[in-house]
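This is the structure we're talking about:
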């Protein structure tokens, strides 16, 4: 994928990192500012000021588009999707390019947005990227922090919506997030990106052990943290919705299909059927992101036709109680 070094694009692949055993790991993001509804904030919540850059094929970016939809932030945070081009310079806007919000500059590559803000920056260029058109700066490119600020930053000026990180459940959500991050989000990538048999075997064992545990949890309660839908559910969702169409074959996660997990597959369908969510789940685009010529899986660009997965089928999660979230 490459990175910026001193403001210059370097095509060295640094996004996919491995330890000395060949095991995949993800580097931390470096842009960590926050939008806030506090008047003294350097990035106050204002309509039309912020722009979100995502990619249909990226599960980390999908977190941000999901939370933007759940929190009904479309009037406050505009959105542009990027994609990867074979032999390109990271995330692309295509030949027509993109006008950087707050400027009259047209760019083709997302990394040019970063150098618009800082001509000498050294950084990975990742999605999601949250941009401030007023100061012409990258606010944040860490998905976990973007979804957390989306949950609260626009409270009071946006339409009231559920609080996905309610204070009484914060410790439980944090613990669950850590488990899902290690055992599913990163373990899936470990299966796909590992460079040794030992590392791959370890990732497969971790992934399916975690899925087995989640299947057991969901046999007793409606959501990951009990009877209330939280941020933790939506951090798991991008991995689940991609599992059978993309990861089972593309990342060699082929011990079992997700459809073979009764509770997990019904849970996935319930989340998918949340109003507005299907509109930000382009499964065909997800498959292009994995199997296309510029995707992370070595491919001749031929996209698998199957499997056919109908996420709109009825689910059985109504057998468990559901508690309404407080608005925020």
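Numbering (my numbering), first residue to last: 1 to 328.
A virtual CB, placed ideally from N, CA and C, is assigned to each residue, including glycine.
Cut-off 6 Å between Cβ atoms - residues of its own chain near residue 123, not counting five sequence neighbours on either side:
In the chain shown, counting from the first residue as 1, residue 123 sits at position 123. The residues are 4, 30.
Check whether residue 341 and residue 236 have beta carbons under 8 Å apart:
Residue 341 lies beyond the residue range present for the chain, which begins at 1 and ends at 328; the question has no answer from this structure.
Since residue 185 is in the alpha helix (DSSP H), which residue starts that stretch and which ends it?
One-based indexing of the chain shown puts residue 185 at position 185. Counting along the chain, residue 185 falls outside any alpha helix (DSSP H), and DSSP gives it neither H nor E.
Report the three-state DSSP secondary structure of residue 15 (helix, strand or coil).
Counted from its first residue, the chain shown places residue 15 at position 15. Low local confidence applies: a pLDDT of 47 at residue 15 is under 50, so the model's placement there is unreliable, with the coordinate-based value given in what follows. Correct three-state label for residue 15: coil.
Could I get the ranges of all uninterrupted alpha helix (DSSP H) runs contained in the stretch 49-89, with 4 residues as the minimum, in chain order?
Those alpha helix (DSSP H) runs which fall completely within the stretch 49-89 and span 4+ residues are 59-70.
Could you tell me the distance, in whole angstroms, from the CA atom of residue 325 to the CA atom of residue 218?
Residue 325 sits at position 325 when you count from the first residue of the chain shown. Residue 218 sits at position 218 when you count from the first residue of the chain shown. Approximately 19 Å between the Cα atoms of the pair.
Can the beta-carbon of residue 101 be found closer than 8 Å to that of residue 64?
As a working mapping, residue 101 is identified with position 101 in the chain shown. As a working mapping, residue 64 is identified with position 64 in the chain shown. The Cβ atoms of residue 101 and residue 64 lie no closer than 8 Å to each other.
Determine, for residue 281, whether the minimum Cβ-Cβ distance to residues of chain B falls below 8 Å.
The chain inventory of the structure shown lacks chain B, comprising one protein chain alone.
Tell me the residue span of the beta strand (DSSP E) that contains residue 282.
The sequence position of residue 282 within the chain shown is 282, counting from 1. Careful: residue 282 lies outside any beta strand (DSSP E) and carries neither H nor E.
Beta-carbon contacts of residue 86 that lie in its chain and below 6 Å, excluding the five residues immediately before and after:
The residue given as residue 86 occupies position 86 in the chain shown. So the qualifying residues of the chain are 293, 294.
What does the alpha-carbon distance come out to for the pair residue 220 and residue 78?
Numbered from its first residue, the chain shown carries residue 220 at position 220. Numbered from its first residue, the chain shown carries residue 78 at position 78. Cα to Cα, the separation comes out at about 39 Å.
For residue 208, which residues from the same chain have a beta carbon less than 6 Å from its beta carbon, with the 5 sequence-adjacent residues on both sides left out?
By one-based count along the chain shown, residue 208 stands at place 208. Excluding its 5 nearest sequence neighbours in each direction, residue 208 has C-beta neighbours in its own chain below 6 Å: 255, listed in chain order.
Span of the alpha helix (DSSP H) around residue 205:
Working through the chain shown from its first residue, we reach residue 205 at position 205. Element bounds for residue 205: 197-217.
Between 248, 268, 273, which has its C-alpha nearest residue 306's C-alpha?
Residue 306 sits at position 306 when you count from the first residue of the chain shown. Nearest C-alpha to residue 306 among 248, 268, 273: 248.
So does residue 203 have its beta carbon nearer than 7 Å to some heavy atom of the ligand GTP?
Questions concerning the ligand GTP fall outside what the structure shown contains, since it holds no ligand whatsoever.
Could you tell me which residues DSSP puts in a beta bridge with residue 327?
In the chain shown, counting from the first residue as 1, residue 327 sits at position 327. DSSP lists 162 as partners of residue 327.
Is it true that the CB of residue 141 sits closer than 8 Å to the CB of residue 126?
Counting from one through the chain shown, the residue named residue 126 turns up at place 126. Counting from one through the chain shown, the residue named residue 141 turns up at place 141. Yes, Cβ-Cβ distance for residue 126 and residue 141 is below 8 Å.
Does the separation of the CB atoms of residue 53 and residue 176 fall below 8 Å?
One-based indexing of the chain shown puts residue 53 at position 53. One-based indexing of the chain shown puts residue 176 at position 176. Cβ atoms of residue 53 and residue 176: not closer than 8 Å.
Buried or exposed: which applies to residue 186, given that a residue is buried once 16 or more other Cβ atoms fall within 10 Å of its Cβ?
The sequence position of residue 186 within the chain shown is 186, counting from 1. When all chains shown are included, residue 186 counts as buried.
Rounded to the nearest angstrom, what separates residue 34 and residue 155 at their Cα positions?
On the chain shown, residue 34 is found 34 positions in, with the first residue counted as 1. On the chain shown, residue 155 is found 155 positions in, with the first residue counted as 1. Taking the straight line from one Cα to the other gives about 14 Å.
State the DSSP-derived secondary structure class of residue 107, mapped to helix, strand or coil.
Against the chain shown, residue 107 aligns to sequence position 107. In this structure, residue 107 counts as strand in the three-state DSSP scheme.
Taking the alpha-carbon of residue 239 as reference, which of 47, 60, 80 has the nearest alpha-carbon?
Looking up residue 239 in the chain shown gives position 239. The alpha carbon of residue 239 has as its nearest neighbour, out of 47, 60, 80, the alpha carbon of 60.
Are the CB atoms of residue 56 and residue 286 within a distance shorter than 8 Å?
Here the question's residue 286 lines up with position 286 in the chain shown. Here the question's residue 56 lines up with position 56 in the chain shown. In this structure, residue 56 lies closer than 8 Å to residue 286 by Cβ.
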